[in-house]
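Numbering of the sequence shown is given in my numbering, commencing with residue 500 and proceeding in unit increments.
To start, the structure itself, in structure tokens.
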Amino acid sequence: SSGKSTIGKLLADRICYSFNDADDYHSSANINKMAQGVPLTDEDRLGWLQTLKGLIQVHLTNGKPMMLCCSALKTKYRALLAGVSSNFDDPLPIEAEVPLRITFVQLYVPFEELKRRITNRTGHFMNPELLRSQLDAWEDFTEEETKRTGYKALIVYNQEDPIKTVETIIQKLGIDEELEGREKDESLKVETLGSQQPSVEIGK
500 SSGKSTIGKL
510 LADRICYSFN
520 DADDYHSSAN
530 INKMAQGVPL
540 TDEDRLGWLQ
550 TLKGLIQVHL
560 TNGKPMMLCC
570 SALKTKYRAL
580 LAGVSSNFDD
590 PLPIEAEVPL
600 RITFVQLYVP
610 FEELKRRITN
620 RTGHFMNPEL
630 LRSQLDAWED
640 FTEEETKRTG
650 YKALIVYNQE
660 DPIKTVETII
670 QKLGIDEELE
680 GREKDESLKV
690 ETLGSQQPSV
700 EIGK
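In structure tokens:
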């Protein structure tokens with residue numbers, strides 16, 4: 500299957516970013532809950548997100564680009580990750596003072612297809628029964644969110660072919676020209692991206 504970890508690793512390799520998977524930073528208590536099919540609460544996720552926020556800030560401070568694969572389901576999760584807030588109770592600014600060097604990429608997959616991929620997945624601690632609770636908790640990106648936080652959001656259809664999805668993301672991020680001077684892996688070249696790939700840029 501071509502889930503967010505697969506896409507994230509391919510994309511990170513393609514554009515020479517380091518890669519981190521947020522699932523590797525969950526506490527044992529969180530992992531046990533998810534394995535038993537118990538949805539995590541905001542309280543369960545707070546410490547995890549604060550750890551990831553620290554990871555992001557270290558990379559930003561050192562000027563080292565990073566790809567982080569993460570289920571950032573809610574606006575307040577994303578704001579915390581981006582350093583806009585320090586906890587869930589902090590209100591968002593009316594308008595961001597400066598643009599942030601952070602872009603969220605949402606991989607869109609229809610429910611039935613996502614259910615099929617997760618059900619067939621092996622070697623992961625999350626119980627497939629948690630899918631519905633995660634989708635119910637999901638908050639769509641909005642113009643207001645990106646305006647008030649300063650980060651960007653890109654929504655891309657996650658196709659069955661992960662290489663095509665990666666190439667779409669690269670084009671939409673506007674970094675395809677930056678890659679022209681680098682030696683490309685021939686296996687990653689795509690002749691055509693097709694015409695039925697819904698993609699939306701928010702906060703451009």
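Just so you know, even glycine gets a beta-carbon here, dropped at the ideal spot from N, CA and C.
query: Report the partner residues of residue 656 according to the DSSP bridge assignment.; result: 607
query: Between which two residues does the beta strand (DSSP E) carrying residue 567 extend?; result: 565-568
query: Under a three-way DSSP split, which group does residue 585 fall into?; result: coil
query: With 16 as the cutoff for other CB atoms within 10 Å, does residue 603 come out buried or exposed?; result: buried
query: Spatial neighbours of residue 556 within its chain, please: CB distance less than 7 Å, with the 5 preceding and 5 following residues excluded, ordered by chain position.; result: 582
query: Helix, strand or coil for residue 540? Go by DSSP, reduced to three states.; result: coil
query: When you compare the CB positions of residue 482 and residue 547, do they come within less than 8 Å of one another, or not?; result: The structure shown does not extend to residue 482, since the chain spans only 500 to 703, so no value can be given for it.
query: When burial is assigned at 16 or more other CB atoms within 10 Å of the CB, is residue 657 buried or exposed?; result: buried
query: For residue 682, count neighbouring Cβ atoms within 10 angstroms of its own Cβ and tell me buried if that reaches 16, exposed if not.; result: Residue placement at residue 682 is flagged as unreliable, the pLDDT there being 47, under the threshold of 50; a coordinate-derived value is accordingly withheld.
query: When you compare only the Cα positions, how much space is there between residue 572 and residue 635?; result: 9 Å
query: Do you know whose CA, among 598, 645, 533, 613, lies nearest residue 577's CA?; result: 645
query: What did DSSP end up calling residue 573 once you bin it into helix, strand or coil?; result: coil
query: For residue 607, is the classification buried or exposed, using 16 other Cβ atoms within 10 angstroms of its Cβ as the cut-off for buried?; result: exposed
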